[in-house]
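So the sequences go chain by chain: A, B, C and D. The numbering used here numbers the first residue of the first sequence as 7 and each following residue consecutively. The numbering used here numbers the first residue of the second sequence as 30 and each following residue consecutively. The numbering used here numbers the first residue of the third sequence as 286 and each following residue consecutively. The numbering used here numbers the first residue of the fourth sequence as 242 and each following residue consecutively. Quick reminder that beta carbons are idealized off the backbone N, C-alpha and C, glycines included. Below is one structure, written out as structure tokens; comments come after it.
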Amino acid sequence: MIAYEFKILTVLDHPALLTIAINEWLDLAQLPTFLAAVIAILTVLYTTFHRKGREGFKIREIAGLKAVEEAIGRATEMARPILFTPGWGGDIQRPTTIAALNILSSVAEKTAEYNSQLLFPTHDPVIMSVAQEVIAESYNRAGYPERFNIDDTTYVSPSQFGYAAAVEGMITRLKPASIFLLGTFEAESLILAETGNIAGSIQIAGTDSTIQLAFFIVACDYTLIGEELFAASGYLSKDKSIMASIRAQDIMKVIIAAVIILAIISALVVPLSDWWKF
Amino acid sequence: MNSTQSRHLAFAGLFIVVTVTMLLDISIVATVSNETKRMFDYLDNLPDSSVIIVSFDHEASSLPEMKPLGLVMLRHLFAKDHKLIGVALLAEGTGVGYRLMQETAKEYNKEYGRDYVFLGFKPQFIAAILSMGESIKGTFPEDYLGNATSQIELLSDVNNYDDVAAVVSLADGSLTTHWIEYGNEKYGVQISAAVAAAMLTTYDPYISSGQLKAMVGGLRGAAEYENLLGIGGSGARSMLAQSSAHLYIILLIIIGNFTYFRSRKKG
Amino acid sequence: MDPGTIVAGILTIAILSFLYGDNPVYKMAETLLVGVSMGYVLVITWTNTLMAVLFKPLFLESQFWLVIPFIFGLFMFGRFHKSTSFLSRYSMAVLIGSGAGVAIPAMLGARTLRQMTATVEMVQGDSFLTIFSGLVVVVGLFSTLSYFYFSREHEGIMGRSAKVGTYFLMIFFGTTFGYTVMSRVSTFIGRMDFLLSDFLHLTN
Amino acid sequence: MARLFPQIICGFFGVVLFVLYFLKAPSAKSLYLTITSDYWQIIFAFALLVGVASFIRVNIKKLSILSESPYVITGLLGLFAMPVMALVWGIKGDSPFMWVFENVQVPLQATVFALLAFFVASASLRGFKARSLPATILLISALIALLSRSDIFGWLGNSALEFSEWIRSYPSMSARRGILIGIGLGSVTTSLRIILGIERTWLGKDR
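Spelled out as structure tokens, the structure:
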């Protein structure tokens with residue numbers, strides 16, 4: 007009896023120790039996240055480097071993006087500036103901000119060609135610095151480096167409503183022909199969008215902040231909803247690598263849907279199953 | 030009527046509706062929604078004298094909404110004799126949080142250092158949340174008043190989230206998401222929230238997934254909570270103005286549609 | 286009345302004057318806000334970051350590893366001159382790279398995986414209403430995801446599904462708008478409360 | 242070269258932080274915290290100085306325009322007064338620095354915020370039109386949410402309130418969940434592109 011008990015202990019003891027050892031290094035609770043990350047990495051690598059898949063891929067039309075060119079053309083005709091601002095909610099560490107700067111790059115290339123003024127007020131000094139680089143390079147690429155004015159990319163205020171008031175003032179006084187509100191916005195969204203509306207500007211908005219989407223939809227001419235902002239940067243730039251990652255997003259969506267369906271079936275057939283409880 | 034005139038008229042209407050209803054100065058007892066009831070029950074069912082972190086994750090500009098919410102939360106928690114640790118993840122929440130805790134503590138005869146403590150502001154909220162998961166005293170070597178946290182009685186047995194029963198995040202924006210994605214996801218601490226009404230729908234998926242235990246929102250939520258606690262407060266006092274303004278906005282939407290359809294009929 | 290309340294009251298009215306139209310008083314208040322808020326953050330950053338996180342630990346407590354972020358920080362100053370501005374790219378690289386590394390697990394874990402699990406759990410109900418509601422969520426989620434499917438034009442089944450997705454999106458946007466109106470109204474009530482009771486003493 | 246090295250640094254920090262997230266060893270955790278807290282804060286602080294310098298430069302250029310100069314002076318005065326007051330009297334409790342913060346900055350910010358109530362009113366009057374089926378759904382959901390939260394005398398009845406809660410907890414929530422997952426995926430692929438060095442717009446790289 008005693009020996010029997012002892013045996014169980016030794017058998018169980020060993021793997022337990024092993025688990026503890028692994029546990030000290032790896033956060034096993036994060037294993038599903040890690041596997042998901044591996045799948046994501048493989049999907050992105052596949053869509054980026056698998057040439058056949060790359061060539062045939064076309065992105066569906068996104069309403070509002072066709073309007074970008076029109077919005078810039080309008081500014082040229084009216085001889086009024088274009089205003090692009092990434093919102094108060096973002097910082098450079100946020101992927102949304104990078105996607106917005108990607109769109110900025112395409113917009114800047116066109117404003118350089120059309121020779122219209124591009125205003126870029128922001129609340130974040132790092133975003134300001136990166137935006138200056140991005141715009142300068144776009145002007146170079148368009149062949150008009152001399153048209154770039156560094157003072158049009160300005161740091162206004164770190165405070166949310168200081169930023170809102172400053173941009174509101176710019177819109178009211180300079181009456182931009184077109185306004186791009188792309189990035190992460192918080193409560194300042196409607197202040198900017200309504201002021202733009204009063205000033206009679208064409209407005210293209212896009213954000214990952216879901217509450218503000220409601221306001222943009224009501225107050226702006228075109229609104230990119232959530233993920234559309236990421237897709238837009240690929241659509242505008244026709245950049246093969248961005249297109250590839252949009253395809254990767256679609257593949258992952260199919261995987262997610264498939265896993266959910268499988269999980270629902272197994273949850274209904276075997277109510278105690280829990281492999282899907284990540 | 031041109032668009033500027035109609036806009037000015039709409040503005041003036043809102044101004045009048047709010048001013049008049051506020052001058053009437055009437056308190057209204059709000060009927061309680063299920064959402065607020067759940068939050069109340071959740072906090073009410075925590076064992077007495079639990080250690081709870083109250084995080085002031087809002088700025089000064091949203092105080093009209095956040096202060097009544099913060100007050101009802103603190104009143105409920107103090108009434109249940111919980112031990113409260115106040116922190117602020119936004120700089121502007123710091124002074125506000127300290128003052129609110131101090132005022133409500135007085136109402137309930139609570140002693141600083143034994144019943145509650147305010148640790149102050151820590152920049153970089155994600156890192157702050159993660160770092161408290163390792164060591165709260167390490168994250169805040171000193172409290173807001175400059176006392177060494179190692180000397181504070183309340184904190185003597187509190188190392189990290191393992192010793193904390195719940196986090197109540199008072200947020201006017203998306204900071205509660207970070208409590209969920211880092212505090213709960215990585216350290217498993219239970220999160221609940223009192224948020225600006227605008228944020229309620231943002232957090233719905235997290236309520237549904239259980240990552241957020243319960244939430245209460247907006248001035249209306251504060252008024253409902255005051256009702257559950259059986260006390261009056263600024264929530265109840267603002268209800269008439271609040272609801273009248275909603276009805277006014279509804280009226281504007283109807284007028285907007287009426288003129289739209291009339292002009293469409295005319296072609 | 287104390288001078289603070291008078292100043293605050295006048296500034297409150299100055300900002301509200303924008304509702305009638307842009308005017309010099311508003312513009313003055315706006316530039317004051319921009320300047321003061323920048324000064325405030327400058328001071329807070331100096332005390333809370335540069336002194337507390339960098340200079341004190343580095344020079345007084347000899348935490349020498351802080352030299353690395355210090356150097357990356359100083360590289361930002363490269364932007365003051367054209368010939369050195371490439372240095373700032375290193376600082377940006379640290380922020381952008383580490384931000385990307387942090388985002389991947391956070392987005393996949395708390396957002397995607399947990400939300401998938403929650404969706405499946407909702408179908409496991411015991412009453413008709415809970416199962417029906419769970420199915421509504423599944424339909425809503427799938428149709429919304431199909432709206433965000435970019436590889437194919439919105440035609441055929443995909444088109445119909447995406448259309449249903451738009452309806453669900455509109456329900457969400459409408460509901461959110463309603464709740465946000467509450468918040469915005471509260472803020473205005475808060476300002477009026479200050480004007481009517483603290484500034485003008487018309488209510489208690 | 243000017244772009245290759247930053248690219249390598251960027252990828253290096255990306256990989257390190259990604260891996261650190263999954264490690265449990267105390268040293269790994271403390272490194273993760275050091276980078277996301279100290280590095281980010283310190284670099285931001287220096288960037289802030291660059292930003293403020295750019296703000297001052299732009300404003301000084303504007304100073305020569307006579308009609309602008311009173312505003313420029315007000316802005317710069319605000320900017321310089323805060324640090325000067327902080328240096329002379331400190332920033333605790335009743336200092337002039339806190340006085341300006343509480344009686345100038347806070348009411349100004351709060352009132353700009355309060356302007357939103359009015360913009361909500363004008364947007365409601367102008368933007369919410371039942372032009373199409375989706376627009377009508379938007380309009381009706383907004384009305385349901387608003388009505389359910391205006392019920393002060395209990396005239397709406399329980400079933401109406403429960404219906405509005407149901408709308409929020411199920412159909413509305415499912416769409417929010419879809420957006421959440423979509424943004425999550427968009428962020429993940431963008432981040433991967435950054436780490437792998439495919440995304441180089443931030444470097445001003447030619448396409």
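Counting only beta-carbon atoms, is residue i nearer than 9 Å to chain C?
{"i": "E75(A)", "result": "no"}
{"i": "Q240(B)", "result": "yes"}
{"i": "Q271(B)", "result": "yes"}
{"i": "W31(A)", "result": "no"}
{"i": "S268(D)", "result": "no"}
{"i": "I141(A)", "result": "no"}
{"i": "G246(B)", "result": "yes"}
Can the beta-carbon of residue i be found less than 9 Å from the beta-carbon of residue j?
{"i": "Q282(D)", "j": "T334(C)", "result": "yes"}
{"i": "L289(D)", "j": "E139(A)", "result": "no"}
{"i": "A170(A)", "j": "L188(A)", "result": "no"}
{"i": "M353(A)", "j": "L125(A)", "result": "What is shown of chain A runs 7 to 284, which leaves residue 353(A) out entirely."}
{"i": "S415(D)", "j": "T429(C)", "result": "yes"}
{"i": "G316(D)", "j": "L420(C)", "result": "no"}
{"i": "E253(B)", "j": "G261(B)", "result": "no"}
{"i": "S91(B)", "j": "S322(C)", "result": "no"}
{"i": "G358(C)", "j": "F287(D)", "result": "yes"}
{"i": "A238(A)", "j": "A105(A)", "result": "yes"}
Quick one: is residue i buried, meaning 16 or more other Cβ sit within 10 Å of its Cβ, or exposed?
{"i": "I267(A)", "result": "exposed"}
{"i": "W331(C)", "result": "buried"}
{"i": "H129(A)", "result": "buried"}
{"i": "D245(A)", "result": "buried"}
{"i": "R179(A)", "result": "exposed"}
{"i": "N63(B)", "result": "exposed"}
{"i": "D411(C)", "result": "exposed"}
{"i": "L18(A)", "result": "Its pLDDT being 45, under 50, L18(A) is placed unreliably by the model, and nothing is read from it."}
{"i": "H56(A)", "result": "exposed"}
{"i": "E174(A)", "result": "buried"}
{"i": "I220(B)", "result": "buried"}
{"i": "P92(A)", "result": "buried"}
{"i": "D201(B)", "result": "buried"}
{"i": "Q400(C)", "result": "buried"}
Give a yes or no on whether the minimum CB-CB distance between residue i and chain B is below 9 Å.
{"i": "M477(C)", "result": "yes"}
{"i": "M326(D)", "result": "no"}
{"i": "L481(C)", "result": "yes"}
{"i": "F167(A)", "result": "yes"}
{"i": "G395(D)", "result": "yes"}
Would you verify that the beta carbon of residue i is, or is not, closer than 9 Å to some beta carbon of chain D?
{"i": "I442(C)", "result": "no"}
{"i": "D157(A)", "result": "yes"}
{"i": "T402(C)", "result": "no"}
{"i": "V50(A)", "result": "yes"}
So, at 8 Å on beta carbons, what are the nonlocal neighbours of residue i in its own chain, with the 5 sequence-adjacent residues on each side left out?
{"i": "S164(B)", "result": "N188 and N189"}
{"i": "S273(B)", "result": "V46, V47 and T50"}
{"i": "A299(C)", "result": "V310, Y311, M313 and A314"}
Between which residues of its own chain and residue i is the CB-CB distance below 6 Å, once the five residues before and five after are set aside?
{"i": "G323(A)", "result": "The requested residue 323(A) does not occur in the structure, where chain A is confined to residues 7 to 284."}
Run through the DSSP bridge pairs and tell me what residue i is partnered with.
{"i": "F90(A)", "result": "F186(A)"}
{"i": "K333(D)", "result": "None; K333(D) has no bridge partner."}
{"i": "E171(B)", "result": "A177(B)"}
{"i": "P309(C)", "result": "In the DSSP output, where bridge partners are listed per residue, P309(C) has none listed."}
{"i": "Q209(A)", "result": "I185(A)"}
{"i": "G115(B)", "result": "V83(B) and F147(B)"}
Against chain A, does residue i count as a neighbour if the rule is that its beta carbon must be under 9 Å from one of theirs?
{"i": "L356(D)", "result": "yes"}
{"i": "R67(B)", "result": "no"}
Spatial neighbours of residue i within its chain, please: C-beta separation below 7 Å, excluding the five flanking residues on both sides.
{"i": "D216(B)", "result": "According to the sequence as given, residue 216(B) is Tyr; it is not Asp. Once the five neighbours on either side are set aside, the close Cβ partners of Y216(B) are G162 and Y190."}
{"i": "Y211(B)", "result": "I155, I158 and L159"}
{"i": "Y464(C)", "result": "none"}
{"i": "T102(A)", "result": "G96, G189, T190, D214 and L235"}
Below 7 Å on C-beta distance, what does residue i contact in chain G?
{"i": "F458(C)", "result": "Structure shown: chain G not included; protein chains present are A, B, C and D."}
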